[in-house]
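Trainee: Each protein sequence line maps, in turn, to chains V and F.
Numbered according to the working numbering, the first sequence spans residues 1 to 335.
Numbered according to the working numbering, the second sequence spans residues 1001 to 1335.
In this text, a Cβ means the ideal position worked out from N, Cα and C, and glycines have one as well.
Number of protein chains: 2
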Amino acid sequence: MAKKVGRQTFYCEKDISVLSFASVVGKKEHEGPLGDKFDVYSDDEFFGEETFEKAEIRMQTMAIDLALKKESFEEKDVDCIFAGDLLNQCVGSNYTARGRDVSFVGVYGACSTMALTLSLSTMMIEASAAKRAMAVTSSHFCSSERQFRFPLEYGGVRPQTSQWTVTGAGAVILGEGEEKPKIKAVTLGRTIDLGVKDMNNMGAAMAPAAADTIKAFLSDTKTKISDYDAVFTGDLGVVGSELLLELLQKDGIAPSNHNDCGVMIFDREKQDVHAGGSGCGCSASVLCSKILSDLENGKLKNILFCATGALMSPTSSLQGETIPSIAHLINIVGK
Amino acid sequence: MAKKVGRQTFYCEKDISVLSFASVVGKKEHEGPLGDKFDVYSDDEFFGEETFEKAEIRMQTMAIDLALKKESFEEKDVDCIFAGDLLNQCVGSNYTARGRDVSFVGVYGACSTMALTLSLSTMMIEASAAKRAMAVTSSHFCSSERQFRFPLEYGGVRPQTSQWTVTGAGAVILGEGEEKPKIKAVTLGRTIDLGVKDMNNMGAAMAPAAADTIKAFLSDTKTKISDYDAVFTGDLGVVGSELLLELLQKDGIAPSNHNDCGVMIFDREKQDVHAGGSGCGCSASVLCSKILSDLENGKLKNILFCATGALMSPTSSLQGETIPSIAHLINIVGK
């Protein structure tokens, strides 16, 4: 049974461990600075399928099956899959779950999905309603561009504040265990909107949500940012990251240990991604490769993973609405 | 801490009660057989707003605020809102949550959303991660028709198997308490797809998911369908309801106590809704009016609420995909 602290945070009382994890990415992500950290990549942007949507389903399927296989789990060893993605009606996740002998919970948290699915998986195990649960998400550059912006064939010029949707998927299996990185605490974010309308500047829209959730976590747990080895946001990119640090400094919080999954995944000098990576698959694939590996091998000991999501739709933006955002935070400790 | 039974079900060990609930509907729903059971209705399909999407946000907002007000709760008395809807990127829920001082979890379960948000709210309270949580959803005939089928101005003829998306919203506040209807058990569904492709016959696509979840619940809890006063599905309509009963009878389950929220909400003779009502707002508004009232006033004592969702998108259907479906089930007992 969890221990609720403050308004938005709970500590785990069980030893909820990262039993297994896997990442799958596309060609561009493999060519980036974390290229050799990912489990699988494909040079084919269709991943052998006929459509970009089916490619995304294929990536999620590969991530799930690999996470199971790594620890010799079968489907029946997991009680529930929590998954979501950016596609309308979350079809990437729904079709991945189809026919599997596992309960399925669909979520929508935009690019915060990896932290959201981890939060709910943790909650279900803390409630003793599941022995093991799986947190999954994905995004695909081509399916996202078509849906949120323009078909690629149109050749729209992207402004410098825009981010590049990561083609990638991540899957984490949580369950009770001793010898693995553990989920120590979870903070569920509030929906924040400071009035940004520009769909090509998501970092600016999401930074206030990241600041709000990090402040809520520190306040609820009565800890300092320097108590943690590293704070990973995802995916603010360079524009959003600068804004986040400005916002935190107003409250006297000056993290020297901040990095952003959208900045980490690409080489901005060489890869023409403008402000950095984005998409549910961005923080998911970085968490399920470098971050969790470093928690396993002792390079990291106590981190905050704070994934951010912009909660608009193309319809709401066309109707003149501003962009509400959210960030959920997980405190993970090394073994 | 919950007690997990079987593969998909858990019993609550806390007294998790329905502390408050509220429903908001449109004109057609108010003219139906349950008209006088809903808390609020509007003759204006825009609910005073400029767009159908904003009308949906208005309905969710009214349902939340009314559920709080009925029991003199303030926003700070609730720790988390779980909400979802049918709109792309779930903007009905995201914009409703904007600026509220409450953690927010977005879900996507199509028309199963009321049962899904109740399941997760229950789980969070069982985990002691929240004292009170709120489950919310909505749908709107006009925003749904435009998004999933055709703009209304096109005047497409609807086949007899099609259902009419309910304009409605429901909100439930759960928390520990004694004198109210209680959540006794929860079964989270699997994603089932028996190959139906017709977006105008959702009942047929969803019936196998309802049958699967009801069978899982009975098997996990080792109970019989006759142990319950009533089984409410939502929203199979008449076509899906007949198929559900056929599927259950194959396993020797013959419920004499079944009703469907999509059948209950409209008068099919007079209201030209073909196979019945549908949409997240259908089972939500029926639960948050007649069903929970009858559990409060003693007419019902022990029921199953099994909300069903069809998990396709217009894109997946255009790409030739079949329709995966899901159903989540809540066992609620009277006070």
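(1) Out of curiosity, what's the CA-to-CA distance linking residue 208 of chain V and residue 247 of chain V?
(2) CB residue 112 of chain V to CB residue 276 of chain V, shorter than 7 angstroms?
(3) Across the stretch 238-257 of chain V and the stretch 164-176 of chain V, are there enough close Cβ pairs to call them in contact, namely three or more that are closer than 8 angstroms?
(4) Please identify the residue among F:1090, F:1289 and F:1054 whose C-alpha is closest to the C-alpha of residue 311 of chain V.
(5) Can you name the residues of chain V whose CB is closer than 9 angstroms to the CB of residue 1084 of chain F?
(6) By the criterion of Cβ-Cβ separation under 9 angstroms, what are the contact partners of residue 1095 of chain F in chain V?
(7) Which residue marks the beginning of the beta strand (DSSP E) containing residue 1081 of chain F, and which one marks its end?
(8) Can you pull the chain V neighbours of residue 1088 of chain F, defined as C-beta to C-beta under 8 angstroms?
(9) Based on Cα-Cα distance, which residue from F:1013, F:1015, F:1073 and F:1109 lies nearest to residue 1281 of chain F?
(10) Work out the CA separation of residue 154 of chain V and residue 146 of chain V for me, nearest whole Å.
(11) For a test of your reading of the model: does the CB of residue 193 of chain V fall under 6 angstroms from any non-hydrogen atom of the ligand NAP? Yes or no.
(12) Can you check whether the C-beta of residue 1278 of chain F is within less than 7 angstroms of a C-beta belonging to chain V?
(13) Flag this pair as yes or no: are the beta carbons of residue 1078 of chain F and residue 1181 of chain F separated by less than 7 angstroms?
(14) DSSP puts residue 58 of chain V in a beta bridge; with which residues?
(15) If the cut is a Cβ gap below 8 angstroms, which residues of chain V does residue 1163 of chain F touch?
(16) Looking at residue 198 of chain V: is its Cβ nearer than 7 angstroms to the Cβ of residue 236 of chain V?
(17) Taking 7 angstroms as the CB-CB cut-off, is residue 123 of chain V touching chain F?
(18) Quick check: the Cα distance between residue 149 of chain V and residue 1196 of chain F, rounded to an integer number of angstroms?
(19) What number of angstroms, rounded off, separates the C-alpha of residue 36 of chain V from the C-alpha of residue 107 of chain V?
(20) Helix, strand or coil, according to DSSP, for residue 213 of chain V in the structure here?
(21) Chain F partners of residue 117 of chain V, CB-CB under 9 angstroms?
(22) In angstroms with no decimal places, state the Cα-to-Cα distance between residue 388 of chain V and residue 117 of chain V.
(23) Note down the Cα distance separating residue 313 of chain V from residue 304 of chain V, rounded to an integer number of angstroms.
(24) Checking contacts by CB at 7 angstroms: is residue 243 of chain V closer than that to chain F?
(25) Hey, how far is the Cα of residue 1253 of chain F from the Cα of residue 1219 of chain F?
(26) By the criterion of Cβ-Cβ separation under 9 angstroms, what are the contact partners of residue 1101 of chain F in chain V?
(27) Residue 1295 of chain F: buried (16+ other C-beta within 10 angstroms of its C-beta) or exposed?
(28) To which residues does DSSP link residue 1265 of chain F through a beta bridge?
(29) With 8 angstroms as the limit, tell me which residues of the stretch 1207-1220 of chain F have their beta carbon closer than that to any beta carbon of chain V; keep them in chain order.
(30) Would residue 338 of chain V pass as an interface residue toward chain F - the criterion being a Cβ-Cβ separation below 7 angstroms?
(31) Does the stretch 1029-1048 of chain F come close enough to the stretch 1258-1274 of chain F to have 3 or more Cβ pairs within less than 8 angstroms?
Mentor: From the atom records:
(1) 7 angstroms
(2) no
(3) no
(4) F:1090
(5) 106, 107 and 108
(6) 191, 193, 311, 312, 316, 321 and 324
(7) 1080-1085
(8) 88, 89, 313, 314 and 315
(9) F:1109
(10) 10 angstroms
(11) Among the components modelled here there is no ligand, and therefore nothing to report on the ligand NAP.
(12) no
(13) no
(14) Partner(s): none; residue 58 of chain V has no beta bridge.
(15) Here the premise fails: no neighbours, minimum Cβ distance about 17 angstroms.
(16) no
(17) yes
(18) 31 angstroms
(19) 30 angstroms
(20) helix
(21) Simply none; closest approach about 10 angstroms.
(22) What the structure shows of chain V is the stretch from 1 to 335, and residue 388 of chain V is not part of that stretch, so it cannot be assessed.
(23) 28 angstroms
(24) no
(25) 11 angstroms
(26) 7 and 190
(27) buried
(28) In DSSP, residue 1265 of chain F forms no bridge with anything.
(29) none
(30) Outside the shown range of chain V, which is 1 to 335, sits residue 338 of chain V, and nothing can be said about it.
(31) yes
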